[in-house]
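Read in this note's numbering, the sequence shown has 93 at position 93, and its numbers run on one by one without any break. Here the structure comes first, spelled out in structure tokens, and everything after it is commentary.
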Amino acid sequence: MIELVVNQTRRRFDGDPATPLADLKGKSITTIEGLGAKGLHPLQAAWIEHAVPQCGYCQSGQIMQAASLLQSKPHPSDSEIDSAMASNLCRCGTYPRIRAAIRLVASGRKAAPANAAKQDRS
Numbered sequence: 001m002i003e004l005v006v007n008q009t010r011r012r013f014d015g016d017p018a019t020p021l022a023d024l025k026g027k028s029i030t031t032i033e034g035l036g037a038k039g040l041h042p043l044q045a046a047w048i049e050h051a052v053p054q055c056g057y058c059q060s061g062q063i064m065q066a067a068s069l070l071q072s073k074p075h076p077s078d079s080e081i082d083s084a085m086a087s088n089l090c091r092c093g094t095y096p097r098i099r100a101a102i103r104l105v106a107s108g109r110k111a112a113p114a115n116a117a118k119q120d121r122s
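What follows is the structure, given as structure tokens:
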């Protein structure tokens with residue numbers, strides 16, 4: 001999933017993964033590095049609080065998909081979360097944690113600071 005920003009309007013791009021880069025010429029692309037303007041994006045903080053990452057392989061795609069979901073549907077139901085996230089496979093099986101992290105952000109409650117989250121898991 002790529003999020004395009006065209007004329008200050010965000011659009012989700014779920015096209016063919018083999019789309020040539022030339023087709024994106026002139027488009028603005030937001031990657032995971034561009035999510036948090038100053039520090040962690042709320043989803044990244046929620047991911048840490050809920051200890052979502054195991055191997056980390058799928059996390060960028062999971063977080064970007066979650067960001068797109070919350071942009072289009074700020075308060076999704078569990079079934080809407082599951083449906084939106086279904087195309088992103090997590091070999092570690094952290095789907096319940098992913099759903100919990102998305103629900104945390106959708107609730108408007110801020111995730112605990114990263115250090116506090118680490119201490120809680122010790």
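The C-beta atom is built at its ideal place from N, Cα and C for all residues, glycine as well. These numbers come from a predicted model, not from an experiment.
- For SER28, the enclosing beta strand (DSSP E) stretches over residues 28–30.
- Taking C-alpha positions only, THR30 is separated from GLY61 by approximately 12 Å.
- In this structure LEU89 is in contact with CYS58, their Cβ atoms being roughly 7 Å apart against a cut-off of 8 Å.
- Distance from ALA46 to HIS75 at the Cβ level is roughly 15 Å; contact not present, criterion being Cβ atoms closer than 8 Å.
- When DSSP states are grouped into helix, strand and coil, PRO96 belongs to the helix group.
- Contact check for ALA66 and LEU40: beta-carbon distance about 14 Å, past the 8 Å limit, so the pair fails to qualify.
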